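Remarks on the structure that follows.
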Amino acid sequence: MTALLIIAGLIVVGSLVGGEDEPATVADATEVVAESPSTPEAPSADEAEPADEAEPADEAEPADEVEPADEERPAAQAEPELTRSQENAVRSAESYLSFTAFSQSGLVEQLEFEDFSTADAEFAVNHLDVDWNEQAAQSAENYLEFSGFSRQGLIDQLIFEGFTQSQATFGVDATGL
Numbered sequence: 066m067t068a069l070l071i072i073a074g075l076i077v078v079g080s081l082v083g084g085e086d087e088p089a090t091v092a093d094a095t096e097v098v099a100e101s102p103s104t105p106e107a108p109s110a111d112e113a114e115p116a117d118e119a120e121p122a123d124e125a126e127p128a129d130e131v132e133p134a135d136e137e138r139p140a141a142q143a144e145p146e147l148t149r150s151q152e153n154a155v156r157s158a159e160s161y162l163s164f165t166a167f168s169q170s171g172l173v174e175q176l177e178f179e180d181f182s183t184a185d186a187e188f189a190v191n192h193l194d195v196d197w198n199e200q201a202a203q204s205a206e207n208y209l210e211f212s213g214f215s216r217q218g219l220i221d222q223l224i225f226e227g228f229t230q231s232q233a234t235f236g237v238d239a240t241g242l
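Oh and the sequence shown: position 97 is 162 in this note's numbering, straight run, nothing missing.
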């Protein structure tokens, strides 16, 4: 019985000692974390001297960084900033195209109807990447949903809407008419 009490006592003492090690480890980790911010501060003062010695290498690196920035500038200059009116015209053109199909000239006319200048309307339409053949095909489909057309009648209607002969023919061909 005494042996059991001694063993139980050793287990309790061992767990207390072991328990102290774990919190000490956690405390040590906390101290290390707490010391980490202060540790770099002290070495950074010490490292300031080697950094001064390494400045020639650092000076060469920014020169390398400047060159790519210069290379990026021509790309940025290749696409000039849009005026507020041009931005609005582009946004309106995109909105119209998301709603329905337009010919290139029809979209310019629509923007002009919305009181955009001819220059801004043309800029917006030319600024967008639009597949005008696809627009003709969508427009032809829209017409056929609401009315019957002969092949030539639909081509003529698309031309009237501002599509070129080639675009109108493509659009009608896409419908299978």
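Virtual Cβ for every residue (Gly too), placed ideally from N, Cα, C.
Keep in mind it's a predicted model, so treat the numbers as computed, not measured.
Among the options, the one whose alpha carbon lies nearest that of residue i
| i | options | result |
| --- | --- | --- |
| leucine 176 | Phe164, Ala166 and Val190 | Val190 |
| glutamine 217 | Asn207, Ala233, Ser204 and Glu210 | Ala233 |
| serine 168 | Gly241, Asp238, Thr240 and Gly227 | Gly227 |
| leucine 193 | Arg149, Ala154, Thr240 and Asp238 | Ala154 |
| aspartate 238 | Phe211, Thr165 and Ala205 | Ala205 |
| valine 195 | Phe178, Ser163 and Ser150 | Ser163 |
| threonine 148 | Phe181, Tyr161 and Glu210 | Phe181 |
| glutamine 203 | Thr165, Gly171, Glu179 and Phe211 | Thr165 |
Assigned exposure category for residue i - 16 Cβ within 10 Å defines buried
| i | result |
| --- | --- |
| glutamine 200 | buried |
| glutamate 87 | Note that glutamate 87 has pLDDT 43, beneath the 50 cutoff, so the model's placement of it is unreliable and the number below is only indicative. Classification for glutamate 87: exposed. |
| glycine 241 | exposed |
Where residue i falls: helix, strand or coil (DSSP)
| i | result |
| --- | --- |
| serine 150 | helix |
| phenylalanine 188 | helix |
| leucine 172 | helix |
| aspartate 194 | coil |
| aspartate 238 | helix |
| phenylalanine 211 | helix |
| alanine 166 | coil |
| threonine 183 | helix |
| glutamate 159 | helix |
| glutamate 177 | helix |
| glycine 43 | Residue 43 is absent from the model: the chain starts at 66 and stops at 242. |
Beta-carbon proximity list for residue i, same chain, < 7 Å, skipping 5 on both sides
| i | result |
| --- | --- |
| tyrosine 208 | Phe214, Leu219 and Gln222 |
| valine 173 | Ala186, Glu187 and Val190 |
| alanine 158 | Leu172, Leu176, Ala189, Val190 and Leu193 |
| tyrosine 161 | Phe167, Leu172 and Gln175 |
Chain-order list of residues whose beta-carbon lies under 8 Å from that of residue i (same chain, five-residue window excluded)
| i | result |
| --- | --- |
| glutamine 230 | Ile220 and Ile224 |
| glutamate 152 | none |
| glutamate 179 | Ser157 |
| phenylalanine 211 | none |
Cβ-based neighbour list, residue i, same chain, cut-off 6 Å, excluding 5 preceding and 5 following
| i | result |
| --- | --- |
| asparagine 198 | Gln232 and Phe235 |
| glycine 171 | Glu226 and Gly227 |
Worksheet item: Touching or not, the region 183–190 and the region 218–236, by the rule of three or more beta carbon pairs under 8 Å?
Response: no
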